[in-house]
Amino acid sequence: MNRTFRIACATLLVLSLTPVIFAQEIKPFFNETMSFSITWKGVYVGRVTMKTAVGQNNQLKSVAKVIPTDKINGIYYVQGSFGAVWDYAKQKSVFAYEEAYQGDMYQKRSYRFNGNNVAVSKHEIRFTEFSYPHKGKVSEGKDNYNLSTDGYADLLGAFYTIRTLPKKPQVGDVEKIKVLPAGSRKILILQIIDKKTIDVPVLGKKEVLHVKTALADPDTNKIGSGGSLFFNTKSQIEMYITNDGNYVPVKMWTTLPLMGTVYVNLASYSQP
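Sequential numbering from 40 applies to the sequence shown in the numbering used here.
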C-alpha cells in the first residue's frame, strides 16, 4: 500500500532499458485515452482512466484516476489519481504526483525532477487498506527531501520511455529500467515470457506479448513483492501488451493480500 501502482497503469509495462535521445518525434500514442475495468472474483469493482496529450516545450502530460465501486470502497482502498510530465525529446521525467484517499485519510506525494536530482514532497495521514472505518489513531506526517536520481524516472515517464525505444521486443528478453515508486529507488525488471494472438474486446484480434514485471533493490538486486500506492501485492504484476508498435496494455493481473487475484482489463482505447 505504501508503494506506487502506476499502473495499473504505471508499473505498467514493458520492454526496454537505457533511454536513447531521439529527434523530437511525436508518436501516435503520445495522444491517447484509455480506460480499464478492475474485476475481482468475476465482479466489477472499479475502473482506471488515463489520458495523455502533447503539451508545450516537448512535454507529454498524463493523468490517471483509479475509481472504485461501492462494493470495494471502504474495504480495500484504491481510489485516487496520479500523473506525470515527461520530456519526450530528452526522455526525462519533469514532474510526477500521486494521491490516494480513504474517507478523510490520504497520501499525497509529488516529485520535481531537475537534472540528476528530484525534490520529493510527502503529506500523509496514514491508513491501511483493511481498516476502514479506522479503529485506531491515524498518524499524520510531512516530509520533504532531495534524491540523487542519476537516470531514474517516475513510473509513467518510464512507461512512455520504454514504448519509444527502437528495439523490437523478443520472447526471452529481460530488460531493466530505473524507477522511483513512492520516492524510493528501484529497478523495474521486465521479462517477456511468451507471444500469442488473442481476441481483445475493444481492439479485435491482436498479437500480444506476455510480460512479467518485478521491482528490485538497486543495491542488493533483491526482488520484492511488487506493489504500489494502490495495490500492495503478494506476487509480481503480469500483463499482456500489444505487439504492434503502440504497446498498449490490454490485460494485467496480480495477487492481493486476503483478496486473491485481481484483473485489470482494457475497456476502451482511442487516439485522435
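From the three backbone atoms N, C-alpha and C, an ideal C-beta is built for every residue, glycine too.
Note that the coordinates shown come from a computational prediction; the quantities given were computed from them, not determined experimentally.
query: Any contact of the segment 201-210 with the segment 231-242, i.e. 3+ C-beta pairs under 8 angstroms?; result: yes
query: Alpha carbon to alpha carbon, how far is F44 from Y136?; result: Its pLDDT being 35, under 50, F44 is placed unreliably in this model, and the value from its coordinates should be taken loosely. Each residue's Cα considered, the two are about 12 angstroms apart.
query: Across which residues does DSSP place I226 in a beta bridge pair?; result: K217 and A255
query: How long is the line joining the alpha carbons of L254 and Y150, rounded to whole angstroms?; result: 19 angstroms
query: Which of the three DSSP states, helix, strand or coil, is assigned to I65?; result: coil
query: State the Cα-Cα distance for the pair V239 and D283, rounded to the nearest angstrom.; result: 13 angstroms
query: In the structure shown, what three-state DSSP assignment does Y199 receive?; result: helix
query: Under 8 angstroms between C-beta atoms, does A128 make it to chain B?; result: In summary, chain B is missing from the structure at hand, where a single protein chain is found.
query: First and last residue of the beta strand (DSSP E) that includes K100?; result: Q98 to P107
query: Could you pull out every residue in the same chain whose Cβ sits closer than 6 angstroms to the Cβ of P205, ignoring the five residues on either side in sequence?; result: none
query: Determine the burial state of K261: buried for a count of at least 16 other Cβ atoms within 10 Å of its Cβ, exposed for fewer.; result: exposed
query: With a CB to CB cut of under 6 angstroms and the five nearest residues on each side skipped, what residues in its chain are close to T78?; result: Y302
query: In terms of residues, what are the limits of the beta strand (DSSP E) holding G94?; result: Premise fails: G94 is in no beta strand (DSSP E) and is neither H nor E.
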